[in-house]
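Asker:
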Amino acid sequence: MSEQSESAVSPQRQRVRRILFVAGFAVAIAAVLYVYIFGGRYVSTDNAYVKANMVNVSADVDGKVAEIDVSENQHVKAGDVLFRIDPAPYQVAVQQAEAALLQASAQVESLKATYAQKQAALWSAQADLTFRETDYRRAKALQAVGASSKSTLDAARNALDVARSDINAARHEVGEVRAQLGGDPEIATKDHPTYKAALATLDKARLDLARTAVHTPIDGVASKVPDVGGYVLPGLPVMSVVDAESPWVEANLKESQLERVRPGQKVEIDVDAYSHTRWQGVVDSIGQATGAEFSLLPPQNASGNWVKVVQRVPVRIRIDHQNGEPPLRSGMSADISIDTGAARARGVHRMLSWIGLEDAQAAE
Numbered sequence: 022m023s024e025q026s027e028s029a030v031s032p033q034r035q036r037v038r039r040i041l042f043v044a045g046f047a048v049a050i051a052a053v054l055y056v057y058i059f060g061g062r063y064v065s066t067d068n069a070y071v072k073a074n075m076v077n078v079s080a081d082v083d084g085k086v087a088e089i090d091v092s093e094n095q096h097v098k099a100g101d102v103l104f105r106i107d108p109a110p111y112q113v114a115v116q117q118a119e120a121a122l123l124q125a126s127a128q129v130e131s132l133k134a135t136y137a138q139k140q141a142a143l144w145s146a147q148a149d150l151t152f153r154e155t156d157y158r159r160a161k162a163l164q165a166v167g168a169s170s171k172s173t174l175d176a177a178r179n180a181l182d183v184a185r186s187d188i189n190a191a192r193h194e195v196g197e198v199r200a201q202l203g204g205d206p207e208i209a210t211k212d213h214p215t216y217k218a219a220l221a222t223l224d225k226a227r228l229d230l231a232r233t234a235v236h237t238p239i240d241g242v243a244s245k246v247p248d249v250g251g252y253v254l255p256g257l258p259v260m261s262v263v264d265a266e267s268p269w270v271e272a273n274l275k276e277s278q279l280e281r282v283r284p285g286q287k288v289e290i291d292v293d294a295y296s297h298t299r300w301q302g303v304v305d306s307i308g309q310a311t312g313a314e315f316s317l318l319p320p321q322n323a324s325g326n327w328v329k330v331v332q333r334v335p336v337r338i339r340i341d342h343q344n345g346e347p348p349l350r351s352g353m354s355a356d357i358s359i360d361t362g363a364a365r366a367r368g369v370h371r372m373l374s375w376i377g378l379e380d381a382q383a384a385e
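The letter at position 168 of the sequence shown is residue 189 when you use the numbering used here, and the numbering goes up by one with no holes.
1) Taking the C-alpha atoms as reference points, what is the distance between isoleucine 208 and valine 115?
2) Are there three or more Cβ pairs, one per stretch, closer than 8 Å when the stretch 278 to 286 is compared with the stretch 340 to 347?
3) Tell me, please, which residues DSSP counts as bridged to tyrosine 15.
4) Is it buried or exposed for aspartate 229, if we count other Cβ within 10 angstroms and need 16 for buried?
5) Could you check which residue in Leu318, Pro335 and Asp293 has the C-alpha nearest to that of glutamine 309?
6) Please tell me whether, using a cut-off of 8 Å, the distance from the CB of threonine 311 to the nearest non-hydrogen atom of the ligand MG is below it.
7) Name the one or two DSSP bridge partners that proline 255 has.
8) Between isoleucine 89 and valine 246, how many whole angstroms is the CB-CB distance? I'm expecting something under 8 Å.
9) Have a look at valine 235 and glycine 84 and give me their C-alpha separation to the nearest angstrom.
10) So who's on the other strand from tryptophan 300, going by DSSP bridges?
11) What's the call for arginine 333, buried or exposed, on a 16-neighbour Cβ count within 10 Å?
12) Check this for me: beta carbons of valine 242 and alanine 87, under 9 Å apart or not?
13) Taking the alpha helix (DSSP H) that isoleucine 188 belongs to, which residues open and close that run?
14) Following the continuous beta strand (DSSP E) through leucine 103, name the residue where it begins and the one where it ends.
15) Any idea if leucine 122 is buried or exposed, counting beta-carbon neighbours within 10 angstroms, 16 or more meaning buried?
16) If you follow the alpha helix (DSSP H) that arginine 8 is part of, which residue opens it and which one closes it?
17) Should histidine 193 go down as buried or exposed, given a rule of 16 or more other Cβ atoms within 10 Å for buried?
18) Could you give the first and the last residue of the continuous alpha helix (DSSP H) run that contains alanine 148?
19) Should threonine 233 be labelled buried (16 or more other beta-carbon atoms within 10 Å of its own) or exposed?
20) Measure the beta-carbon distance from alanine 176 to alanine 146 and round it to whole angstroms, keeping in mind my assumption that it falls under 8 Å.
21) Do leucine 174 and arginine 153 have their C-beta atoms closer together than 9 Å?
22) Return the chain-ordered list of same chain residues with a C-beta closer than 6 Å to the C-beta of alanine 219, the five sequence neighbours on each side being excluded.
23) According to DSSP, is alanine 265 part of a helix, a strand, or is it coil?
24) By the three-class DSSP mapping on this structure, what secondary structure does glycine 312 have?
25) Taking the alpha carbon of valine 76 as the reference point, which residue from Asp305, Val328 and Pro238 has its own alpha carbon closest?
26) Using 8 Å as the threshold, is the stretch 252 to 264 in touch with the stretch 132 to 150, meaning 3 or more CB pairs across them?
27) Once the 5 residues before and after proline 32 are set aside, which same chain residues still bring their CB inside 8 Å of it?
28) Look up lysine 329 in the DSSP assignment and say whether it is helix, strand or coil.
29) Relative to the C-alpha of leucine 103, which residue among Ser79, His297, Tyr70 and Lys217 is closest?
30) For tyrosine 295, which three-state DSSP category applies?
31) Go ahead and pull the three-state DSSP assignment for alanine 99.
32) In or out: isoleucine 188 buried (at least 16 other Cβ within 10 Å) or exposed?
33) Alpha carbons only, please: which of Gln112, Ile359 and Ser354 is nearest the one belonging to glycine 302?
34) Do you know how far the Cα of asparagine 74 is from the Cα of alanine 313?
35) Hey, could you find the ends of the beta strand (DSSP E) alanine 234 is sitting in?
36) Alpha carbon to alpha carbon, how far is glycine 100 from aspartate 81?
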């Protein structure tokens with residue numbers, strides 16, 4: 022009785038096992054096909070970082086830091102004063118420039134007065150020349166009729182030569198002063214080149230004095246604030262201001278991942294610092310060069326020893342910010358997943374259309 026029961030159950034168990042094996046195999050095949058068909062839709066990487074605009078603030082003038090107007094990590098608005106350079110040397114420069122401007126004005130006025138004097142001397146020389154010419158003609162006529170001696174004529178001729186020399190000298194002096202007045206004796210003092218040069222020097226001194234107060238060009242967070250007493254040089258970074266309002270994510274994708282990535286595609290962003298928050302974003306742009314091309318020492322692939330290394334291309338992702346999200350800080354690590362919307366199913370549909378099982382337009 023027991024042997025008959027076991028022989029009856031054994032075929033039933035075998036059928037169940039076959040069914041389970043076939044079902045399991047079918048599920049495995051279906052899973053593989055699903056991953057193959059739909060697995061190419063999403064492109065992801067953990068080589069991604071939060072980025073933000075960062076302005077290196079430098080001074081336009083040199084000097085010692087005399088005052089700090091912000092603290093580390095303080096929020097600032099564009100135009101706020103960050104720190105001040107000791108203004109004393111620049112205040113002295115302004116005073117010197119103001120004195121030089123007054124001196125230039127007095128110099129121009131003096132030139133005008135000198136011109137008037139030289140012009141009067143020229144007129145006097147012209148009158149004297151006219152008199153000496155008349156006197157010479159008279160002496161010459163008297164000497165011709167014997168009414169005057171030759172010495173009198175010689176004296177008249179000598180006086181005429183002196184008068185001619187004097188008028189030439191007077192004309193030269195008038196010309197020199199006229200040239201110093203820019204060719205215009207009636208020129209306004211403020212239009213004279215000497216005055217303009219002194220005024221430009223004063224404007225430069227005042228500008229340098231104003232530049233002792235260093236302002237932030239953008240809204241952001243102050244970072245690397247300097248210490249009082251430190252010496253700063255023009256053009257060299259002193260501190261930084263980080264724009265905390267408009268961060269983005271820079272994802273470094275492998276070159277083999279870029280085939281279906283396009284600007285405008287949606288992105289899911291997970292930041293390591295916030296495990297319970299997910300950000301949404303959009304592919305903003307794709308770099309036109311790999312990161313290696315921007316390195317200080319680009320790889321020399323033409324050398325004899327060459328090893329192929331997968332290159333990465335930076336992809337900029339714009340973040341769609343929502344109210345209540347925690348703050349993102351530049352440099353944070355992130356994981357991103359780009360929905361390319363282009364699964365491998367398109368290739369499967371195309372194969373089905375080739376064998377006549379699907380319309381060709383549907384495959385596209």
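Even for Gly, the Cβ is constructed at its ideal location relative to N, Cα and C.
Answerer: Let me spell this out:
1) Start at 1 with the first residue of the sequence shown, and residue 208 comes out as number 187. Start at 1 with the first residue of the sequence shown, and residue 115 comes out as number 94. Cα-Cα distance, rounded: 26 Å.
2) no
3) Look at the range of the chain in this structure, 22 to 385, and you will see that residue 15 is not part of it.
4) Here residue 229 corresponds to residue number 208 of the sequence shown, with the count starting at 1. Classification for aspartate 229: buried.
5) In the sequence shown, residue 309 corresponds to position 288, counting from 1. It is Pro335 whose Cα lies nearest to the Cα of glutamine 309.
6) Judged by which ligands are present, the structure shown has none, so any question about the ligand MG falls away.
7) In the sequence shown, residue 255 corresponds to position 234, counting from 1. Answer is Ala80.
8) Against the sequence shown, residue 89 aligns to sequence position 68. Against the sequence shown, residue 246 aligns to sequence position 225. Going by Cβ atoms, the distance from isoleucine 89 to valine 246 rounds to 6 Å, so yes, they are a contact pair.
9) On the sequence shown, position 214 is the one that residue 235 refers to. On the sequence shown, position 63 is the one that residue 84 refers to. If I take the Cα positions, the gap works out to 12 Å.
10) As a position in the sequence shown, residue 300 is number 279, starting the count at 1. Ile290, per the DSSP bridge assignment.
11) Taking the first residue of the sequence shown as 1, we reach residue 333 at position 312. With 16 or more Cβ atoms within 10 Å of its Cβ, arginine 333 is classed as buried.
12) Here residue 242 refers to the residue found at position 221 of the sequence shown. Here residue 87 refers to the residue found at position 66 of the sequence shown. No. Outside cutoff.
13) Mapped onto the sequence shown, residue 188 falls at position 167. From DSSP, the alpha helix (DSSP H) with isoleucine 188 extends over 171 to 201.
14) Locating residue 103 in the sequence shown gives position 82, counting from the first residue. 102 to 106 is the extent of the beta strand (DSSP E) around leucine 103.
15) Translated into positions along the sequence shown, residue 122 becomes position 101. The residue in question, leucine 122, is buried, as its Cβ has 16 or more Cβ neighbours within 10 Å.
16) Only positions 22 to 385 of the chain appear in the structure, and residue 8 is not among them; the question remains open.
17) For the purposes of this step, residue 193 is identified with residue 172 of the sequence shown, where counting begins at 1. It counts as exposed.
18) The residue labelled residue 148 in the question sits at position 127 within the sequence shown. First-last of the alpha helix (DSSP H) with alanine 148: 109 to 165.
19) Taking the sequence shown and counting its residues from 1, the one referred to as residue 233 is at position 212. Its Cβ being crowded by 16 or more others within 10 Å, threonine 233 is buried.
20) The count along the sequence shown starts at 1 and reaches residue 176 at position 155. The count along the sequence shown starts at 1 and reaches residue 146 at position 125. Between alanine 146 and alanine 176 the Cβ distance is about 19 Å, and since that is not below 8 Å, they are no contact.
21) Position 153 of the sequence shown, counting from 1, holds the residue named residue 174. Position 132 of the sequence shown, counting from 1, holds the residue named residue 153. No, they are not a contact pair.
22) Taking the first residue of the sequence shown as position 1, residue 219 is located at position 198. Once the five neighbours on either side are set aside, the close Cβ partners of alanine 219 are Ala121, Leu122 and Ala125.
23) For the purposes of this step, residue 265 is identified with residue 244 of the sequence shown, where counting begins at 1. Three-state result, alanine 265: coil.
24) Taking the sequence shown and counting its residues from 1, one reaches residue 312 at position 291. Helix at glycine 312.
25) As a first step, residue 76 is located in the sequence shown; it is residue number 55 there, counting from the start. Of the candidates Asp305, Val328 and Pro238, the one whose C-alpha sits nearest the C-alpha of valine 76 is Pro238.
26) no
27) Start at 1 with the first residue of the sequence shown, and residue 32 comes out as number 11. Cβ within range, chain order: n/a, list empty.
28) In the sequence shown, the residue the question calls residue 329 occupies position 308. Three-state DSSP puts lysine 329 in coil, outside helix and strand.
29) The count along the sequence shown starts at 1 and reaches residue 103 at position 82. Per the Cα distances, Ser79.
30) Locating residue 295 in the sequence shown gives position 274, counting from the first residue. DSSP places tyrosine 295 in coil when its eight states are reduced to three.
31) Residue mapping note: residue 99 aligns to position 78 of the sequence shown, counting from 1. Note: alanine 99 maps to coil in three-state DSSP.
32) Here residue 188 refers to the residue found at position 167 when the sequence shown is read from its first residue. It counts as buried.
33) Position 281 of the sequence shown, counting from 1, holds the residue named residue 302. Selected option, being the one with the closest Cα: Ile359.
34) Counting from one through the sequence shown, the residue named residue 313 turns up at place 292. Counting from one through the sequence shown, the residue named residue 74 turns up at place 53. Each residue's alpha carbon lies about 22 Å from the other.
35) For the purposes of this step, residue 234 is identified with residue 213 of the sequence shown, where counting begins at 1. Run containing alanine 234: 234 to 236, per the beta strand (DSSP E) assignment.
36) As a working note, residue 100 is residue 79 in the sequence shown. As a working note, residue 81 is residue 60 in the sequence shown. Answer to the nearest angstrom: the Cα atoms are 15 Å apart.
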